[in-house]
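Under my numbering, the first residue of the sequence shown carries the number 250, and numbering increases by one thereafter. Structure first, then comments.
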Amino acid sequence: MAGNCHDIEIKQVVPSVPAATEMLVMSLPVFSADTTDEDLDRMVDNATAASNFLKAISHEGRLMILCHLASGEKSVTELERLLSARQAAISQQLARLRLEGLVQPRREGKTIFYSLTDDRAIRIMEVVYDLFCRPDEEGSRAP
250 MAGNCHDIEI KQVVPSVPAA TEMLVMSLPV FSADTTDEDL DRMVDNATAA
300 SNFLKAISHE GRLMILCHLA SGEKSVTELE RLLSARQAAI SQQLARLRLE
350 GLVQPRREGK TIFYSLTDDR AIRIMEVVYD LFCRPDEEGS RAP
């Protein structure tokens, strides 16, 4: 489908120049002669949704919350301890993640637990981990 972000394919182009100047380009099947106004409208909608999603995770505190929730449900108190942050700060960041639909609360007595509810959040956290946290073969962190 022309406007679907899942149709994006990343290809590495290796020109006949030294490796230092290799480029990565994306092959986007959405820009073609048969792209309709409807396709373009859908692309704008997808771009808006992607932008909102990326804004929701583009804060260090929210990203750390998502990292911790990727391993399973946590209470607000647990998140406070794990992040060495005040309850008010944690609650503010959780509210933004809830607004985007990335996490959901569950109350048990006086304790509120949060978990990831959006597959996109899980998938993006796996990519972030692979790019920034996974040790390489020598045991050091990825660049």
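All residues carry an ideal CB built from backbone N, CA and C; glycine is no exception. Keep in mind it's a predicted model, so treat the numbers as computed, not measured.
Three-state secondary structure (DSSP) at residue i?
i      : result
Glu322 : coil
Ser340 : helix
Arg335 : coil
Thr297 : helix
Arg355 : strand
Write down the C-beta distance between residue i and residue j rounded to the nearest angstrom, noting that I regard them as a contact closer than 8 Å.
i      : j      : result
Arg369 : Phe302 : 6 Å
Arg311 : Gln342 : 5 Å
Asp367 : Leu380 : About 19 Å separates the two Cβ atoms, so there is no contact after all.
Ile371 : Ile306 : About 12 Å separates the two Cβ atoms, so there is no contact after all.
Leu331 : His317 : 5 Å
Compute the Euclidean distance between the alpha carbons of residue i and residue j, then round it to the nearest angstrom.
i      : j      : result
Asp290 : Lys304 : 21 Å
Asp256 : Asn295 : Here Asp256 scores only 45 on pLDDT, less than 50, and its place in the model should not be relied on; the value that follows carries that caveat. Near 12 Å, if we compare the C-alpha coordinates of Asn295 and Asp256.
Ser340 : Ser320 : 19 Å
Val263 : Leu273 : In this predicted model, Val263 has a pLDDT of only 43, less than 50, meaning its place in the structure is not dependable; the value taken from the coordinates is given anyway. Looking at the two C-alpha atoms, the distance is approximately 8 Å.
Met292 : Lys359 : 43 Å
Ile314 : Ala334 : 11 Å
Asp288 : Arg383 : 37 Å
Ala337 : Ala282 : 52 Å
Ser300 : Leu348 : 14 Å
Val376 : Thr297 : 21 Å
Glu329 : Glu357 : 17 Å
Asp286 : Tyr378 : 37 Å
Notebook entry, point to check: Would the stretch 308–328 and the stretch 353–372 be scored as touching if the rule is three or more Cβ pairs under 8 Å?
Noted result: yes
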